[in-house]
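S.K.: The structure's right below; bear with me while I get my questions together.
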Amino acid sequence: MRRRVSLASLFGAALLTLTAFAQPATAADQSTKQLADVIPVPVQAKPDPRADFRLTPATVIVADRDARQVADYLGGLLRPSTGYRLPVVPFAVTPKIELDVAKTAKVGAQGYQLDVTKRGVTIRANTTDGLFAGVQTLRQLLPATIEAKTVQHSRWVVPGGSITDYPRFGYRGAMLDVARHFFTPDQVKLYIDQIAQYKINTLHLHLADDQGWRIEIKSWPRLATYGGSTEVGGGPGGYYTQAQYKDIVAYAASRHITVIPEIDMPGHTNAALASYAELNCDGVAPPLYTGIDVGFSSFCVDKDITYKFLDDVIRELAAITPGKYLHIGGDEAHATTEADYQKFMGNVLPIVAKYGKFAQGWNEIAKVNPPLTTVPQFWDTDGQDDATAAAAARGNKILMSPANKAYLDMQYNPDSPLGLHWAGYVEVQDAYNWDPATAVQGVSEQQVAGVEAPLWSETLTNSDAIEFMAFPRLPGIAEIGWSPRSTHDWNTYRERLADQAPRWEQQGIDFYRSPQVDWK
């Protein structure tokens with residue numbers, strides 16, 4: 013059951029724009045607040061309260077061939093709640109929403125310029141990724157009822173003015189663990205839609221762990237059919253056929269999200285070891301595992317078959333993954349000696365390169381002095397790791413996911429019904445109040461690839477559970493990755509976050525109503 017909370021103060025969000033307006037609380041001030049009252053907060057917003065645009069049955073969406081995919085997506089968002097036709101056309105005078113891929117100064121490859129006048133809305137960007145980001149801002153500038161699946165009787169007004177916006181970091185990710193508990197393609201697609209609205213552009217899928225192998229490998233079929241046949245607690249598990257995986261990747265691409273698949277190694281490998289006895293040093297397959305302990309499994313580093321196996325896995329996975337990265341894990345390999353770890357990664361990293369991909373790995377991978385194209389992902393909690401700092405100094409970019417800030421599976425508090433708390437309790441303010449540029453000693457802003465919010469699934473079995481743990485923390489991490497450092501302010505952010513509640517209710521998102529936020 014959802015309870016209604018009285019409206020909180022609507023002041024403050026204007027402070028988050030980089031354009032200052034030294035004037036009393038007037039209509040212009042209110043327009044500034046409305047124009048910038050989105051997550052992530054934009055780099056710059058210039059209001060014009062005389063230029064509000066109203067969506068009507070006569071409105072059309074204007075797009076050329078380059079912008080057509082984003083235009084079709086926008087139309088699909090707006091038609092159910094408005095009931096308007098909103099045809100996509102190559103040319104129109106007014107009223108219109110125009111999407112234009114054109115050279116736009118200062119916004120880079122992912123930014124956009126959004127202009128609102130009485131005659132219409134124009135979004136310009138250098139790429140379709142930028143257009144898509146602008147569409148997400150436009151979406152939040154409309155009333156929350158725009159998210160409804162049935163026709164609503166609302167005034168569809170977009171506040172007048174202009175926004176210039178671009179990301180602080182190029183990589184803004186979410187990770188979903190489908191290994192501990194399996195989630196169907198439709199459940200993954202639902203999460204893709206939910207994260208896309210906050211300008212997340214990467215989905216890291218944790219496809220293999222001790223508890224389950226979730227991707228079909230045709231040259232080693234028992235990985236999926238046997239290794240994927242269970243999950244934490246002993247449920248039925250499941251796996252994606254390669255066709256299903258390619259469909260997920262394509263769906264993510266339609267939301268301008270790149271999928272990075274992970275096969276964790278050399279530890280976290282019991283599902284593979286159980287599927288093929290020859291991958292074990294003693295030639296004996298262990299039983300399938302349904303618990304949540306870590307650090308007990310390892311590939312046999314000295315066997316040639318191990319690398320033949322991994323060559324096949326990486327070859328097949330690379331062939332169906334358009335993105336340039338494959339994640340090879342590397343964390344918590346407690347059953348692998350330090351010397352064996354070095355030898356293992358020395359053999360596997362060239363296989364990744366052989367199939368035209370760059371490697372990502374958890375921050376332990378930094379200690380093997382990987383190629384500079386490798387991205388170590390920092391997940392620890394103390395902000396200190398000499399190997400990560402050394403990798404950054406050599407030229408590797410570091411992805412920031414400190415577990416006590418960015419792990420969405422951490423409990424909010426001791427009473428949280430889901431999640432774990434080995435990294436601490438992480439309330440909404442905790443997840444927002446950190447800076448990637450100071451998260452790890454010895455790693456500066458220029459050495460950071462971006463941020464990622466991992467969601468491990470030991471305690472999660474359905475989409476409601478995913479939503480409860482991701483929302484409302486995920487939007488804050490998305491803002492950390494996108495918005496300028498100078499805009500970071502909890503008090504103004506929590507006001508904008510509160511405004512998201514009616515939007516999530518329309519979408520059916522089962523979110524946690526943190527007492528730190530005065531929900532609308």
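With positions in the sequence shown counted from 1, the corresponding number in our numbering is that position plus 12. Every residue gets a Cβ at the ideal spot worked out from N, C-alpha and C, and that includes glycine.
1. Excluding the 5 residues flanking Lys108 on each side, which residues of the same chain have their C-beta closer than 8 Å to its C-beta?
2. Who are Val463's beta bridge partners in DSSP?
3. Only counting runs of 3 or more residues, tell me where the beta strand (DSSP E) segments fall wholly within the region 308-391, in order along the chain.
4. Inspect the beta-carbon positions of Ala57 and Val128 and report whether they are closer than 8 Å.
5. May I have the straight-line CA-CA distance separating Leu217 from Val364, to the nearest angstrom?
6. With DSSP as the reference, please indicate the residues paired to Met277 in a beta bridge.
7. At which residues does the beta strand (DSSP E) containing Gln125 begin and terminate?
8. Less than 8 Å between the CB atoms is what I'm expecting for Asp76 and Pro102, so what's the real figure, rounded?
9. Quick check on Phe65: does DSSP put it in helix, strand or coil?
10. Could you give the distance in angstroms between the alpha-carbon of Gly493 and the alpha-carbon of Val296?
11. What are the boundary residues of the beta strand (DSSP E) that Ile135 is part of?
12. Would you identify the three-state DSSP class for Val55, choosing helix, strand or coil?
13. Between Tyr85, Ala330 and Ala191, which has its C-alpha nearest Phe370's C-alpha?
14. Can the beta-carbon of Asp442 be found less than 8 Å from the beta-carbon of Lys417?
15. According to the neighbour-count rule (16 or more other Cβ atoms, all chains shown, within 10 Å of its Cβ), is Arg485 buried or exposed?
16. Are Thr157 and Gln518 close, meaning C-beta to C-beta below 8 Å?
17. So the candidates are Tyr257, Lys258 and Asp222; which of them puts its Cα closest to the Cα of Gly245?
18. Answer yes if the region 177-197 comes into contact with the region 470-487, meaning at least three C-beta pairs across the two stretches below 8 Å, and no otherwise.
19. Comparing alpha-carbon positions, which option in Pro273, Tyr183, Val113 and Ile269 lies nearest Ala191?
20. Only counting the same chain, and skipping five residues up and downstream in sequence, which positions put a Cβ closer than 7 Å to that of Arg151?
21. Hey, could you find the ends of the alpha helix (DSSP H) Gly173 is sitting in?
22. Do Gly142 and Val163 have their C-beta atoms closer together than 8 Å?
23. Would you mind reading off the limits of the beta strand (DSSP E) that contains Leu217?
24. Answer yes or no: do Ile332 and Lys258 have a C-beta to C-beta separation smaller than 8 Å?
25. Within 10 angstroms of its Cβ, does Ser287 collect 16 or more other Cβ (buried), or is it exposed?
26. So that I know if they touch, is there some Cβ in chain B lying closer than 8 Å to that of Pro426?
27. Taking DSSP as the reference, what is the three-state secondary structure of Tyr301?
28. Taking the C-alpha atoms as reference points, what is the distance between Trp168 and Leu361?
29. Excluding five sequence neighbours on each side, which residues of the same chain lie with their C-beta closer than 7 Å to the C-beta of Thr533?
30. So what's Leu90 in DSSP terms, helix, strand or just coil?
M.R.: Checking against the coordinates, here is how it stands:
1. By 1-based counting over the sequence shown, the position of residue 108 is 96. Excluding sequence neighbours, Lys108 sits near Thr71, Val72, Ile73, Val74, Arg131, Gly132 and Val133.
2. Translated into positions along the sequence shown, residue 463 becomes position 451. DSSP lists Arg184 and Met412 as partners of Val463.
3. Counting only runs that start and end inside the region 308-391, the beta strand (DSSP E) elements of at least 3 residues fall at 337-341, 370-374 and 387-390.
4. Along the sequence shown, read from residue 1 onward, the residue named residue 57 stands at position 45. Along the sequence shown, read from residue 1 onward, the residue named residue 128 stands at position 116. No; because the gap between Cβ atoms is not below 8 Å, this pair is not in contact.
5. For the purposes of this step, residue 217 is taken as the residue at position 205 of the sequence shown. For the purposes of this step, residue 364 is taken as the residue at position 352 of the sequence shown. Take the alpha-carbon of Leu217 and the one of Val364: they are about 17 Å apart.
6. Within the sequence shown, the letter at position 265 stands for residue 277. Gly341, per the DSSP bridge assignment.
7. Here the question's residue 125 lines up with position 113 in the sequence shown. First-last of the beta strand (DSSP E) with Gln125: Tyr124 to Thr129.
8. As a working note, residue 76 is residue 64 in the sequence shown. As a working note, residue 102 is residue 90 in the sequence shown. With a contact defined as Cβ atoms closer than 8 Å, Asp76 and Pro102 qualify at about 6 Å.
9. For this step, residue 65 is matched to residue 53 along the sequence shown. Phe65: strand per DSSP, three-state reduction.
10. By 1-based counting over the sequence shown, the position of residue 493 is 481. By 1-based counting over the sequence shown, the position of residue 296 is 284. The straight-line gap from Cα to Cα measures roughly 46 Å.
11. Looking up residue 135 in the sequence shown gives position 123. From DSSP, the beta strand (DSSP E) with Ile135 extends over Gly132 to Ala137.
12. Translated into positions along the sequence shown, residue 55 becomes position 43. Val55 falls in the coil class under three-state DSSP.
13. Translated into the one-based positions of the sequence shown, residue 370 becomes position 358. The candidate whose alpha carbon is nearest that of Phe370 is Ala330.
14. Within the sequence shown, numbered from 1, the residue matching residue 442 stands at position 430. Within the sequence shown, numbered from 1, the residue matching residue 417 stands at position 405. Yes; because the gap between Cβ atoms is below 8 Å, this pair is in contact.
15. Start at 1 with the first residue of the sequence shown, and residue 485 comes out as number 473. With 16 or more Cβ atoms within 10 Å of its Cβ, Arg485 is classed as buried.
16. Translated into the one-based positions of the sequence shown, residue 157 becomes position 145. Translated into the one-based positions of the sequence shown, residue 518 becomes position 506. Yes, they are a contact pair.
17. Position 233 of the sequence shown, counted from the first residue, corresponds to residue 245. If we check each option's Cα against that of Gly245, Asp222 comes out closest.
18. Because the criterion of three Cβ pairs below 8 Å is met, the region 470-487 and the region 177-197 touch.
19. For the purposes of this step, residue 191 is taken as the residue at position 179 of the sequence shown. For the options Pro273, Tyr183, Val113 and Ile269, the alpha carbon positioned closest to that of Ala191 is the one of Pro273.
20. By 1-based counting over the sequence shown, the position of residue 151 is 139. If we look at Arg151 and ignore the five residues flanking it on each side, its Cβ neighbours are Leu89, Ile158 and Gln209.
21. Position 161 of the sequence shown holds residue 173. DSSP places Gly173 outside any alpha helix (DSSP H); the residue lies instead in the beta strand (DSSP E), whose first and last residues are Gly173 to Asp177.
22. Position 130 of the sequence shown, counting from 1, holds the residue named residue 142. Position 151 of the sequence shown, counting from 1, holds the residue named residue 163. Not a contact, by the Cβ cut-off of 8 Å.
23. As a working mapping, residue 217 is identified with position 205 in the sequence shown. From DSSP, the beta strand (DSSP E) with Leu217 extends over Thr214 to Asp221.
24. Start at 1 with the first residue of the sequence shown, and residue 332 comes out as number 320. Start at 1 with the first residue of the sequence shown, and residue 258 comes out as number 246. Going by C-beta atoms, Ile332 is nearer than 8 Å to Lys258.
25. Your numbering for residue 287 matches position 275 in the sequence shown. Its Cβ being crowded by 16 or more others within 10 Å, Ser287 is buried.
26. Absent from the structure: chain B. Only one protein chain is present.
27. For the purposes of this step, residue 301 is identified with residue 289 of the sequence shown, where counting begins at 1. In the three-state reduction of the DSSP assignment, Tyr301 falls in the coil class.
28. Within the sequence shown, residue 168 is the residue found at index 156, counting from 1. Within the sequence shown, residue 361 is the residue found at index 349, counting from 1. Using only the alpha carbons, I get a separation of about 52 Å.
29. Outside the displayed span of the chain (13 to 532) sits residue 533, for which this structure offers no information.
30. Mapped onto the sequence shown, residue 90 falls at position 78. Leu90: helix per DSSP, three-state reduction.
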